[in-house]
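Visitor: Sending over a structure as structure tokens; questions will come in a sec.
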Amino acid sequence: MNYWLVKSEPAVFSWERFVKEGKAVWDGVRNYQARNYMKNMCIDDLVLFYHSNTGKEIVGIAKVIKETYPDPTADNIKWVAVDLVPVSAFKKFVNIEQIKINIKLKDLLLIKQSRLSVMPLSEEHYRALCKMGL
DNA sequence: GCCAACGTTGGC
DNA sequence: GCCAACGTTGGC
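Per the working numbering, the first sequence starts with residue 366, numbered consecutively.
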């Protein structure tokens with residue numbers, strides 16, 4: 366089991382819409398590092414859903430239901446997509462300020478590499494974030 | 001709106 | 001292969 370965090374601007378694709386639609390095709394990633402992480406996603410891996418730009422907070426947990434396949438929105442087969450479904454919403458959204466002041470989370474890639482849109486989480490980081498949000 | 005931190009592109 | 005110029009992301 367692996368743990369991940371993905372970012373989405375709520376103005377583009379929000380958690381609310383994700384829940385309403387019941388599923389998301391996670392496509393459009395055009396960054397090699399993010400793509401390489403996506404290729405390592407396995408069915409049933411858990412994924413924290415972060416609202417970037419507006420909100421700047423983790424809003425819920427999703428799950429991988431389909432592993433990488435060619436991104437239907439790309440004109441090159443090198444890009445990939447995965448399918449996600451919502452699992453549960455955070456009771457308390459975990460914003461970036463809270464994350465930054467938590468010493469346990471100081472090595473989180475969300476902080477260290479702010480532009481990365483798909484990133485792995487250690488189990489410890491995953492648990493710490495869930496503890497803050499659930 | 002600004003800027004830091006990347007990524008990409010293209011000339012050499 | 002290097003690097004300047006430019007583009008994008010995302011926090012502030």
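Backbone N, C-alpha and C define an ideal beta-carbon position, used for all residues, glycine too.
Please report how far the alpha carbon of His416 lies from the alpha carbon of Val371, in whole angstroms.
Guide: Position 51 of the first sequence, counted from the start, is the residue given in the question as residue 416. Position 6 of the first sequence, counted from the start, is the residue given in the question as residue 371. The alpha-carbon atoms of His416 and Val371 are separated by roughly 9 Å.
Visitor: Taking 8 Å as the threshold (C-beta atoms), are Asp392 and Ala446 in contact?
Guide: By 1-based counting over the first sequence, the position of residue 446 is 81. By 1-based counting over the first sequence, the position of residue 392 is 27. The answer is yes: Cβ separation under 8 Å.
Visitor: Can you give me the C-alpha to C-alpha distance between Leu470 and Asn405, rounded to a whole angstrom?
Guide: Locating residue 470 in the first sequence gives position 105, where the first residue counts as 1. Locating residue 405 in the first sequence gives position 40, where the first residue counts as 1. If you take the alpha carbons of Leu470 and Asn405, they lie about 22 Å apart.
Visitor: Using a Cβ-Cβ cutoff of less than 6 Å, which residues in the same chain neighbour Ala389 once the five nearest sequence positions on both sides are dropped?
Guide: Reading the first sequence from its first residue, position 24 is the one you call residue 389. Around Ala389: Phe383, Leu449.
Visitor: Name the two residues that bound the continuous beta strand (DSSP E) containing Ile442.
Guide: On the first sequence, residue 442 is found 77 positions in, with the first residue counted as 1. Per DSSP, Ile442 belongs to no beta strand (DSSP E) and is neither H nor E.
Visitor: Is the segment 418 to 437 touching the segment 449 to 460, taking contact as three or more C-beta pairs under 8 Å?
Guide: The segment 418 to 437, when compared against the segment 449 to 460, does touch it at the 8 Å Cβ threshold.
Visitor: Quick check on the burial criterion: 16 or more other C-beta atoms within 10 angstroms. Buried or exposed for Gly498?
Guide: To locate residue 498, count along the first sequence from 1; it is residue 133. The residue is buried, with at least 16 neighbouring Cβ atoms inside 10 Å.
Visitor: For Leu474, report the span of its alpha helix (DSSP H) as first-last.
Guide: Counting from one through the first sequence, the residue named residue 474 turns up at place 109. Its alpha helix (DSSP H) spans residues 474 to 477.
Visitor: By alpha-carbon positions, which one of Asp472, Ala376, Gln478 ends up nearest to Glu488?
Guide: On the first sequence, position 123 is the one that residue 488 refers to. Measuring from the Cα of Glu488, the nearest candidate turns out to be Asp472.
Visitor: Can you tell me the Cα-Cα spacing of Arg480 and Asn418, whole angstroms?
Guide: Counting from one through the first sequence, the residue named residue 480 turns up at place 115. Counting from one through the first sequence, the residue named residue 418 turns up at place 53. Rounded to the nearest angstrom, the two C-alpha atoms are 11 Å apart.
Visitor: Would you report the Cα separation of Lys465 and Leu486, rounded to the nearest angstrom?
Guide: On the first sequence, position 100 is the one that residue 465 refers to. On the first sequence, position 121 is the one that residue 486 refers to. Going by the C-alpha atoms only, they are around 15 Å apart.
Visitor: With C-beta atoms as the reference, is Ile408 less than 8 Å away from Glu432?
Guide: To locate residue 408, count along the first sequence from 1; it is residue 43. To locate residue 432, count along the first sequence from 1; it is residue 67. Yes, these two residues count as a Cβ contact at 8 Å.
Visitor: Quick check: the Cα distance between Gln478 and His490, rounded to an integer number of angstroms?
Guide: On the first sequence, residue 478 is found 113 positions in, with the first residue counted as 1. On the first sequence, residue 490 is found 125 positions in, with the first residue counted as 1. So the alpha carbons of these two residues sit roughly 15 Å apart.
Visitor: Suppose contacts are defined by Cβ-Cβ distances below 8 Å. Is Leu474 in contact with Met484 by that definition?
Guide: As a first step, residue 474 is located in the first sequence; it is residue number 109 there, counting from the start. As a first step, residue 484 is located in the first sequence; it is residue number 119 there, counting from the start. Closer than 8 Å, so yes.
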